[in-house]
DNA sequence: CGCGACGTTGATTTGCCTCAACGATTGTGG
DNA sequence: CCACAATCGTTGAGGCAAATCAACGTCGCG
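Residue numbers (our numbering), protein chains in the order written: chain A, 315 to 509; chain B, 315 to 509.
See below:
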């Protein structure tokens, strides 16, 4: 049950089995069906969740009612609204399951306990956040410098597992294009072999 | 000399004056003229820099040779390529002064020393990175959900100090639009009073 | 003075959106 | 187990936001 998450954190620092046991005791397990909200706009984000199994999206709703997808999460990823979680201010985003999912949760309180008991976790979370930051920087660059088709190809190459289990219109919402246009891009890519 | 930076880090955790003295001893001071590179694509980023005075941009160059600006930094901001700095891998970005600047630098080595001597700094940097992350999330949302004019107005409102001291075409490069189009937006905004 | 950096303006083009209509597939209640 | 509704993807016509290209004005500065 905790194997995967323990391997996950051990990528960032070395932990003894006692430390890992302490860590694991602070985690809450949660099963949740698909199409359920883990977080709703206006609510305070009370968790950081490690995905044991399942598929989850986090997104904003724009002024026209369209989803702007920030991230997809699958097995071995973390999801949260870090900003709301840390400040304990109401969130502006939604986090919603796409498939039935199993999670391991840290709350604000258990995370603080963890950081107090095992300060090395400060480093783990710092490094995790840094990697997230780097990927946002890369995405910003892609959004500004590349065409929709290039971004789609990049997405397919980078997240082959995700692109196979997610409906196409959600990928469009992630890329920032309309579902119709993504359909046209795909047609272009798969019929006309010219890049 | 160290007043501003000490206040900066004290926003995230409490430090004694001895701790701050230790911190300050690990910082290197650097003066640098405008239009100089602090980091060049292909080089490893060896610093995290606190800006005592000046103005700095970090950016990528896209395949057409255009700048895609990630961030502007002015007084009381930090600049670095966190990804390259942490992994000590070659960077893909440029960091360049826009004005004559004064910096306080941490190197990979001095940062590790700092974290070892005063582990509370783990928390400081974690919280700093988290705030950066939140601002990238917001920017991604704005890029996908708002028009160029809305993004420009938002930029003016959020960074009034920056927008006054930076040439207009750099703001365009930050917003992800052409300088010509920004000029047309401004004309629209300032002649026709309709939003 | 003359050159380079910066901003503006207009004409034209284009990448992507919107709207509308239509299959295909899934799933769900009767 | 079928009927019907959602959900999802495709296609085409038309439109708009923003890019591109080209020309020109202005300022600061070596």
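Ideal placement from N, C-alpha and C gives every residue a C-beta, glycine not left out.
Just so you know, these numbers come straight off a predicted model, no measurement behind them.
- When 8 Å is used as the limit between beta carbons, residue 439 of chain A is near these residues of chain B: 440, in chain order.
- In this structure residue 349 of chain B is exposed. Its beta-carbon is surrounded by fewer than 16 other beta-carbon atoms within 10 angstroms.
- In this structure, the beta-carbon distance from residue 360 of chain A to residue 399 of chain A falls below 9 Å.
- Residue pairing by DSSP places residue 485 of chain A opposite no residue, since no beta bridge is assigned to it.
- It is roughly 46 Å from the alpha-carbon of residue 460 of chain A to the alpha-carbon of residue 335 of chain B.
- Under DSSP, residue 343 of chain A takes part in a beta bridge, and its partners are A:418.
- Excluding residues up to 5 positions away in sequence, 462, 465, 466, 469 and 496 lie with their Cβ nearer than 8 Å to the Cβ of residue 489 of chain B in the same chain.
- Under the three-state reduction of DSSP output, residue 475 of chain B falls in the helix class.
- Taking 3 residues as the minimum length, the beta strand (DSSP E) runs contained wholly in the stretch 352-388 of chain B are 361-367, 370-375 and 381-387, in order along the chain.
- Each residue's CA atom was taken as its position, placing residue 443 of chain B and residue 439 of chain A some 10 Å apart.
- With its beta carbon less than 9 Å from one in chain B, residue 453 of chain A belongs to the interface.
- Within the stretch 420-433 of chain B, the residues whose Cβ lies closer than 7 Å to some Cβ of chain A are 433, listed in chain order.
- The stretch 385-394 of chain B makes no contact with the stretch 429-436 of chain B; the number of CB pairs closer than 8 Å stays below 3.
- In the DSSP assignment, no residue is bridged to residue 432 of chain A.
- Sorting B:441, B:385 and B:504 by C-alpha distance to the C-alpha of residue 326 of chain B places B:441 at the top.
- For residue 355 of chain B, not one C-beta of chain A is nearer than 9 Å to its own C-beta.
- Residue 450 of chain A has its alpha-carbon roughly 13 Å from the corresponding atom of residue 445 of chain B.
- In the displayed model, residue 399 of chain B falls within a helix according to three-state DSSP.
- DSSP, read as helix, strand or coil, puts residue 408 of chain B in strand.
- At least one C-beta of chain A is nearer than 9 Å to the C-beta of residue 436 of chain B.
- Identification of chain B residues near residue 483 of chain A by a Cβ-Cβ cut-off of 8 Å yields none; the smallest Cβ-Cβ distance measures about 15 Å.
- Per DSSP, residue 413 of chain B lies in no alpha helix (DSSP H) segment and is marked neither H nor E.
- When the alpha-carbon of residue 357 of chain A is set against those of A:382, A:367 and A:401, the nearest one is in A:401.
- For the stretch 384-416 of chain A, the residues whose beta carbon sits under 7 Å from a beta carbon of chain B are, in order, 384, 396, 397 and 400.
- The C-beta of residue 444 of chain B comes closer than 9 Å to at least one C-beta of chain A.
- Listed in chain order, the non-local C-beta contacts of residue 344 of chain B below 8 Å within the same chain comprise 363, 416, 417, 418 and 419, local neighbours out to five positions each way being set aside.
- A residue is called buried when at least 16 other Cβ atoms come within 10 angstroms of its Cβ; residue 385 of chain B meets this threshold and is buried.
- According to the DSSP secondary-structure assignment, residue 392 of chain B is paired through a beta bridge with B:364.
- Note on geometry: alpha-carbon atoms of residue 320 of chain B and residue 397 of chain A lie some 24 Å from one another.
- In this structure, B:375 is the residue among B:499, B:493 and B:375 with its C-alpha nearest to the C-alpha of residue 407 of chain B.
- Secondary structure note for residue 504 of chain A: its alpha helix (DSSP H) is the uninterrupted segment 493-504.
- When DSSP states are grouped into helix, strand and coil, residue 330 of chain A belongs to the coil group.
- Listed along the chain, the chain A residues whose CB falls inside 8 Å of the CB of residue 374 of chain B are 455 and 459.
- When Cβ-Cβ separations below 9 Å define contact, residue 366 of chain A makes no contact with chain B.
- The C-beta distance from residue 369 of chain A to residue 413 of chain A rounds to 4 Å, short enough to fall under 8 Å.
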